[in-house]
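Right, one structure below, let's go through it.
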Amino acid sequence: MKRFSWLLIVVIIVGCSQQKKPILGETKFQKEQNALFKDASTSPLSDRDRENFESLDFFKYDSTFLVKAELKRTPDTKFFNMKTTTDRVSKERVYGIVTFKISDKTYSLNIYQGEENMQTEGFEDYLFLPFLDATNGESTYGGGRYIDLRIPESDSIEIDFNSAYNPYCVYNEKYSCPIVPRVNYLPIKIEAGVKNYAKD
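Take a look at the structure:
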C-alpha cells in the first residue's frame, strides 16, 4: 500500500512539472513580458485568451534600435489632456525632447511625464515615450507603441526600441490607452519590440 502511495505521489509531481512550461523569450524584456501576460494577476488578456497564451510575437533583437539620445528638458511646459481610446484623458506634460540617430539619420521625439505618476510612490521619475512609425498597421499595431523610461541624472538617455510594447487596449477593450500624438511619428520602420497581436 505504501509503495502504491509513493508511486501516486511521483506521478502527480511529474505531471505538475510537465504542465508548468518555461517562460519563452530571447531577451530579459521578452521573458518579462511573457511572464506578465501569463500571470492572471497582471495579464491584460481575458481568461480565455490567457489560457492558451505562450508568447507575444517579437521582432528579433536588433542593436541598431538601441540608441543614446540627447535629452533637452522643457521645464516650463504645462499639463494638457492627452486623449485616450475612451472618454478618459491622461494629464501629461512634455518633459523634454530626445534627439538620436538611427542608421546615421537624426530623429526627435517628445517625451512625456504624467501628473498622476508624479504623485504615485515609485513612479515619480517615470517618463512615457509613445511613438508611431512606418510599421504601424502592417507588422505592428496601427495606433503605435510605448516605451517606459526613467528620468536620467544627465542630459543623455538610453532608448531601447527593442523594449517597445503595445497599449493594453490592443489585448482587451476594457483598458483606456493614451493615443500617440502625431508629432511623435518616425518616418522609418522600427522593426524592434512587440509586434501586433493576433487572437487565435
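Numbering (the working numbering), first residue to last: 395 to 594.
Glycine included, each C-beta is placed from N, C-alpha and C at the ideal position.
Only a predicted model underlies this, so the values are computations on that prediction, with no experimental measurement involved.
query: Shortest alpha-carbon distance to Met-512 belongs to which of Ser-435, Thr-478, Glu-567, Lys-485?
result: Counted from its first residue, the sequence shown places residue 512 at position 118. Considering only alpha carbons, the answer is Lys-485.
> Given that a residue counts as buried once 16 or more other Cβ atoms are within 10 Å of its Cβ, and exposed if not, what is Asp-441?
Replying inline: Counted from its first residue, the sequence shown places residue 441 at position 47. Classification of Asp-441: exposed, given that the 10 Å Cβ count is below 16.
*asked:* Using a 10 Å radius around the Cβ and a threshold of 16 neighbouring Cβ atoms, would you call Asp-527 buried or exposed?
replied: Counting from 1 along the sequence shown, the entry for residue 527 is found at position 133. Buried, because 16 or more other Cβ atoms sit within 10 Å of the Cβ of Asp-527.
Between the CA atoms of Ile-496 and Ile-545 - distance to the nearest angstrom | What you label residue 545 is simply residue 151 of the sequence shown in a count that begins at 1. What you label residue 496 is simply residue 102 of the sequence shown in a count that begins at 1. Their backbone Cα atoms lie some 22 Å apart in a straight line.
* Give every residue of the same chain whose Cβ lies closer than 6 Å to the Cβ of Ser-502, excluding the five residues on either side of it in the sequence, and list them in chain order. => Within the sequence shown, numbered from 1, the residue matching residue 502 stands at position 108. Contacts found: Ile-491, Thr-493.
Could you give the first and the last residue of the continuous alpha helix (DSSP H) run that contains Glu-552?
Start at 1 with the first residue of the sequence shown, and residue 552 comes out as number 158. Not the alpha helix (DSSP H): Glu-552 falls in the beta strand (DSSP E), residues 550 to 554.
Open item on the list: Here's the rule I'm using: 16 or more other beta-carbon atoms within 10 Å means buried, otherwise exposed. How should Leu-557 be labelled?
Closed with: Sequence index remark: in the sequence shown, residue 557 carries index 163 (1-based). The question names Leu, but residue 557 is Ser in the sequence shown. The residue in question, Ser-557, is buried, as its Cβ has 16 or more Cβ neighbours within 10 Å.
Span of the alpha helix (DSSP H), counted from its first residue to its last, around Phe-431
Within the sequence shown, the letter at position 37 stands for residue 431. Run containing Phe-431: 422 to 432, per the alpha helix (DSSP H) assignment.
Separation of Glu-509 from Lys-472, as counted between CA atoms:
Numbered from 1 along the sequence shown, position 78 holds the residue referred to as residue 472. Numbered from 1 along the sequence shown, position 115 holds the residue referred to as residue 509. Straight-line measurement puts the Cα of Glu-509 at about 11 Å from the Cα of Lys-472.
Using only the alpha-carbon positions, how far apart do Leu-504 and Tyr-455 sit? The residue labelled residue 504 in the question sits at position 110 within the sequence shown. The residue labelled residue 455 in the question sits at position 61 within the sequence shown. Inspection of the sequence shows that residue 504 is occupied by Asn rather than by Leu. Roughly 24 Å separates the two Cα atoms.
I need the DSSP call for Tyr-520, collapsed to helix, strand or coil. Here residue 520 refers to the residue found at position 126 of the sequence shown. Note: Tyr-520 maps to strand in three-state DSSP.
Quick check on the burial criterion: 16 or more other C-beta atoms within 10 angstroms. Buried or exposed for Pro-416? For this step, residue 416 is matched to residue 22 along the sequence shown. Result: exposed.
Reference Ala-592; option with closest CA among Val-483, Cys-563, Tyr-579: Taking the first residue of the sequence shown as position 1, residue 592 is located at position 198. Per the Cα distances, Cys-563.
- Query: Looking only at its own chain, which residues have a Cβ that is under 6 Å from the Cβ of Arg-487, when we skip the five neighbours before and after it?
  - Reply: Taking the sequence shown and counting its residues from 1, the one referred to as residue 487 is at position 93. If we look at Arg-487 and ignore the five residues flanking it on each side, its Cβ neighbours are Thr-471, Phe-473, Gln-507.
field: Whole-number beta carbon distance between Phe-431 and Leu-450, since they are thought to touch under 8 Å
entry: One-based indexing of the sequence shown puts residue 450 at position 56. One-based indexing of the sequence shown puts residue 431 at position 37. With a Cβ gap of about 6 Å, Leu-450 and Phe-431 count as contacting.
Taking buried to mean at least 16 other C-beta atoms within 10 Å of its own C-beta, is Arg-467 buried or exposed?
Along the sequence shown, one-based indexing puts residue 467 at 73. Burial call: exposed.
Distance between beta carbons of Asn-590 and Tyr-535, contact taken as under 8 Å: Sequence index remark: in the sequence shown, residue 535 carries index 141 (1-based). Sequence index remark: in the sequence shown, residue 590 carries index 196 (1-based). Contact check for Tyr-535 and Asn-590: beta-carbon distance about 5 Å, within the 8 Å limit, so the pair qualifies.
Check your understanding: Can you name, in chain order, every residue of its own chain whose Cβ lies under 6 Å from the Cβ of Val-574, other than the five neighbours on each side?
Key -> What you label residue 574 is simply residue 180 of the sequence shown in a count that begins at 1. The residues are Pro-524, Leu-526, Gly-538.
Margin query: Within a Cβ cutoff of 7 Å, which residues of the same chain sit near Gln-412, ignoring the five residues on either side of it in sequence?
Written below: Translated into the one-based positions of the sequence shown, residue 412 becomes position 18. Residue placement at Gln-412 is poorly supported in this model, since its pLDDT is 41, which falls under 50; the coordinates still yield a value, given next. Correct list: empty, nothing qualifies.
- Item | Cβ neighbour criterion (16 or more within 10 Å) applied to Ala-434 | Start at 1 with the first residue of the sequence shown, and residue 434 comes out as number 40. It is exposed - the Cβ of Ala-434 has fewer than 16 other Cβ atoms within 10 Å.
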